[in-house]
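A.B. asks: Numbering follows my numbering, with no gaps: position 185 of the sequence shown is 185. Ideal Cβ positions, reconstructed from N, Cα and C, are used throughout, including at glycine. A quick note: this is a predicted structure, and the numbers were derived from the prediction, not measured. After the structure tokens below, expect a handful of questions from me.
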Amino acid sequence: MSTIVFLGGGRITSAILAGLRLGKSRYRLVVHDRNPDKLRDLKKRYAVAVEPDLNRAVEQADMLIVAVRPSSVRELLGMVGNVNRRSLAVSLAAGIPLRVLSQVTGPHMRWARAMPSPVCRSGRGLTAVAFPRSLPRADRKRVQDFFASFGHVVQIPESKFNAFTVTYSCSHGYHALATLARVGQEAGLDRKTALLASAHALADGIIAWRGGTHPLESLLEEAVTPGGIAATTAAAMDAAGYGRAVRRGVAAGLRRARRNAGK
Ligand SMILES: NC(=O)c1ccc[n+]([C@@H]2O[C@H](COP(=O)([O-])OP(=O)(O)OC[C@H]3O[C@@H](n4cnc5c(N)ncnc54)[C@H](OP(=O)(O)O)[C@@H]3O)[C@@H](O)[C@H]2O)c1
1 MSTIVFLGGG
11 RITSAILAGL
21 RLGKSRYRLV
31 VHDRNPDKLR
41 DLKKRYAVAV
51 EPDLNRAVEQ
61 ADMLIVAVRP
71 SSVRELLGMV
81 GNVNRRSLAV
91 SLAAGIPLRV
101 LSQVTGPHMR
111 WARAMPSPVC
121 RSGRGLTAVA
131 FPRSLPRADR
141 KRVQDFFASF
151 GHVVQIPESK
161 FNAFTVTYSC
171 SHGYHALATL
181 ARVGQEAGLD
191 RKTALLASAH
201 ALADGIIAWR
211 GGTHPLESLL
221 EEAVTPGGIA
231 ATTAAAMDAA
241 GYGRAVRRGV
251 AAGLRRARRN
261 AGK
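Structure follows, in structure tokens:
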């Protein structure tokens with residue numbers, strides 16, 4: 001049984017562990033974090049092994065998952081001593097390129113990147129992976145199999161990773177839900193009904209589109225009677241700068257991701 005060691009036991013690690021437990025994973029799971037209380041909590045919730053000593057954690061890994069915040073990656077990797085064998089490591093850190101990871105650790109780690117979402121907690125969701133050209137096929141498969149055990153996996157070139165990271169965040173859906181429900185309440189609905197209506201409005205059609213064969217344009221046309229209420233609402237949203245707001249948000253996210261590379 002392969003041992004997967006998480007370095008960092010925060011939000012995304014917790015969500016992945018929940019997804020792995022749902023999928024009845026066949027991995028031995030170990031978590032390292034500098035906060036003993038977080039380790040105790042993860043052990044209790046997900047029945048994982050915990051290892052408070054960084055180097056002992058790294059030594060037992062068949063695959064390392066680096067899940068600390070981008071600003072902590074260099075510090076954490078700088079504390080890893082010489083490992084006996086050449087480890088396969090996957091970084092979840094947004095914005096930090098493979099080239100930087102390899103520079104920090106030197107040749108004793110083979111790197112891949114992955115971008116999961118906390119939605120993997122429910123066994124859904126998607127993880128993007130990116131590999132350096134030099135990574136052997138067997139390593140690629142190990143990384144893909146691991147992330148596929150709690151959701152879908154898509155491989156993309158590393159050059160697209162920041163664009164994917166910014167576009168893919170499940171926060172977009174939550175943000176849209178919170179905004180639409182708030183405005184629905186202002187229009188007269190109680191909070192529960194506003195959330196219900198907004199959740200169905202945003203989720204149902206999109207799930208059906210993803211699982212079906214109809215092009216988005218034809219579904220949009222079907223949902224919007226010319227001159228009707230939905231058409232009037234969408235046109236007013238566009239005129240108020242809906243597209244511009246999304247573009248500005250994505251551009252700001254991209255700038256933030258690029259800054260992470262220098263952290
Ligand atoms: N959250 C998401 O939705 C998501 C999705 C995809 C990718 N990611 C990526 O995943 C990474 C982790 O994100 P997160 O939201 O899970 O962050 P988080 O909740 O802050 O978890 C990181 C954990 O690592 C610990 N840590 C930091 N430096 C350490 C060190 N030197 N030694 C041991 N433990 C250390 C932190 O402890 P302290 O609290 O003491 O600092 C914290 O418990 C980030 O790089 C992020 O870009 C996150």
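Return helix, strand or coil for GLN155, following the three-state DSSP convention.
C.D. replies: Here residue 155 refers to the residue found at position 155 when the sequence shown is read from its first residue. Reduced to three states, the DSSP call for GLN155 is strand.
A.B. asks: What three-state label does DSSP hand THR213 in the structure shown?
C.D. replies: One-based indexing of the sequence shown puts residue 213 at position 213. Residue state, collapsed to three classes: coil.
A.B. asks: Kindly examine ligand 1 and report whether one of its heavy atoms sits closer than 8 Å to the Cβ of PRO36.
C.D. replies: As a first step, residue 36 is located in the sequence shown; it is residue number 36 there, counting from the start. Every heavy atom of ligand 1 is 8 Å or more from the Cβ of PRO36, so no.
A.B. asks: Ligand 1 and ALA18: does any heavy atom of the ligand fall closer than 8 Å to the residue's C-beta?
C.D. replies: As a working note, residue 18 is residue 18 in the sequence shown. For ligand 1, not one heavy atom lies less than 8 Å from the Cβ of ALA18.
A.B. asks: Tell me whether the beta-carbon of PRO132 lies closer than 9 Å to the beta-carbon of ALA114.
C.D. replies: Reading the sequence shown from its first residue, position 132 is the one you call residue 132. Reading the sequence shown from its first residue, position 114 is the one you call residue 114. Cβ atoms of PRO132 and ALA114: not closer than 9 Å.
A.B. asks: Can you list, in chain order, the residues of its chain whose CB lies under 6 Å from that of GLY125, leaving out five sequence neighbours each side?
C.D. replies: Along the sequence shown, one-based indexing puts residue 125 at 125. Non-local beta-carbon contacts of GLY125 in its own chain, meaning distances under 6 Å to residues more than five positions away in sequence, involve SER117, VAL119 and GLY151 in chain order.
A.B. asks: Verify the contact flag: THR13, CB atom, against every heavy atom of ligand 1, threshold strictly below 8 Å.
C.D. replies: Position 13 of the sequence shown, counting from 1, holds the residue named residue 13. Yes; taking the cut-off as 8 Å, the Cβ of THR13 has a heavy atom of ligand 1 nearer than that.
A.B. asks: Can you find the residues in the same chain that come closer than 7 Å, C-beta to C-beta, to VAL154, ignoring five residues on each side of it along the sequence?
C.D. replies: Position 154 of the sequence shown, counting from 1, holds the residue named residue 154. Only LEU126 and ALA128 meet the Cβ criterion.
A.B. asks: Just to confirm, does MET79 get its C-beta within under 8 Å of one of the non-hydrogen atoms of ligand 1?
C.D. replies: By 1-based counting over the sequence shown, the position of residue 79 is 79. For ligand 1, at least one heavy atom lies less than 8 Å from the Cβ of MET79.
A.B. asks: DSSP three-state call for LEU219: helix, strand or coil?
C.D. replies: Taking the sequence shown and counting its residues from 1, the one referred to as residue 219 is at position 219. The answer is helix: DSSP assigns LEU219 an H, G or I state.
A.B. asks: Is ARG124 helix, strand or coil when you go by DSSP?
C.D. replies: As a working note, residue 124 is residue 124 in the sequence shown. In the displayed model, ARG124 falls within coil according to three-state DSSP, outside both helix and strand.
A.B. asks: Within 10 angstroms of its Cβ, does GLY253 collect 16 or more other Cβ (buried), or is it exposed?
C.D. replies: Here residue 253 refers to the residue found at position 253 of the sequence shown. Classification of GLY253: buried, given that the 10 Å Cβ count is 16 or more.
A.B. asks: Going along the chain, which residues of its own chain have a beta-carbon closer than 6 Å to the beta-carbon of VAL73, five neighbours each way excluded?
C.D. replies: Walking along the sequence shown from the start, residue 73 turns up at place 73. Answer for VAL73: ALA93 and ILE96, listed in chain order.
A.B. asks: Output yes or no for whether 9 Å exceeds the beta carbon distance between GLY27 and PHE146.
C.D. replies: As a working mapping, residue 27 is identified with position 27 in the sequence shown. As a working mapping, residue 146 is identified with position 146 in the sequence shown. For clarity, residue 27 is Tyr in the given sequence; the question names Gly instead. Contact: yes.
A.B. asks: Got a sec? Which residues, its chain only, sit under 7 Å from SER25 by beta carbon, not counting five neighbours each side?
C.D. replies: Start at 1 with the first residue of the sequence shown, and residue 25 comes out as number 25. Excluding residues within five positions, the ones whose Cβ falls inside 7 Å are SER149.
A.B. asks: For the segment 60 to 69 and the segment 2 to 14, state whether three or more C-beta atom pairs, one from each stretch, are separated by less than 8 Å.
C.D. replies: yes
A.B. asks: Could you give the first and the last residue of the continuous beta strand (DSSP E) run that contains PHE147?
C.D. replies: To locate residue 147, count along the sequence shown from 1; it is residue 147. Taken as a continuous stretch (DSSP letters only), PHE147 belongs to no beta strand (DSSP E), being part of the alpha helix (DSSP H) at 137 to 148.
A.B. asks: How close, in whole Å, do the beta carbons of ALA194 and GLY184 come, if the pair is a contact with beta carbons under 8 Å?
C.D. replies: Locating residue 194 in the sequence shown gives position 194, counting from the first residue. Locating residue 184 in the sequence shown gives position 184, counting from the first residue. Between GLY184 and ALA194 the Cβ distance is about 4 Å, and since that is below 8 Å, they are a contact.
A.B. asks: So, is GLU51 buried or exposed, given that buried needs 16 or more other C-beta atoms within 10 angstroms?
C.D. replies: As a position in the sequence shown, residue 51 is number 51, starting the count at 1. GLU51 comes out buried.
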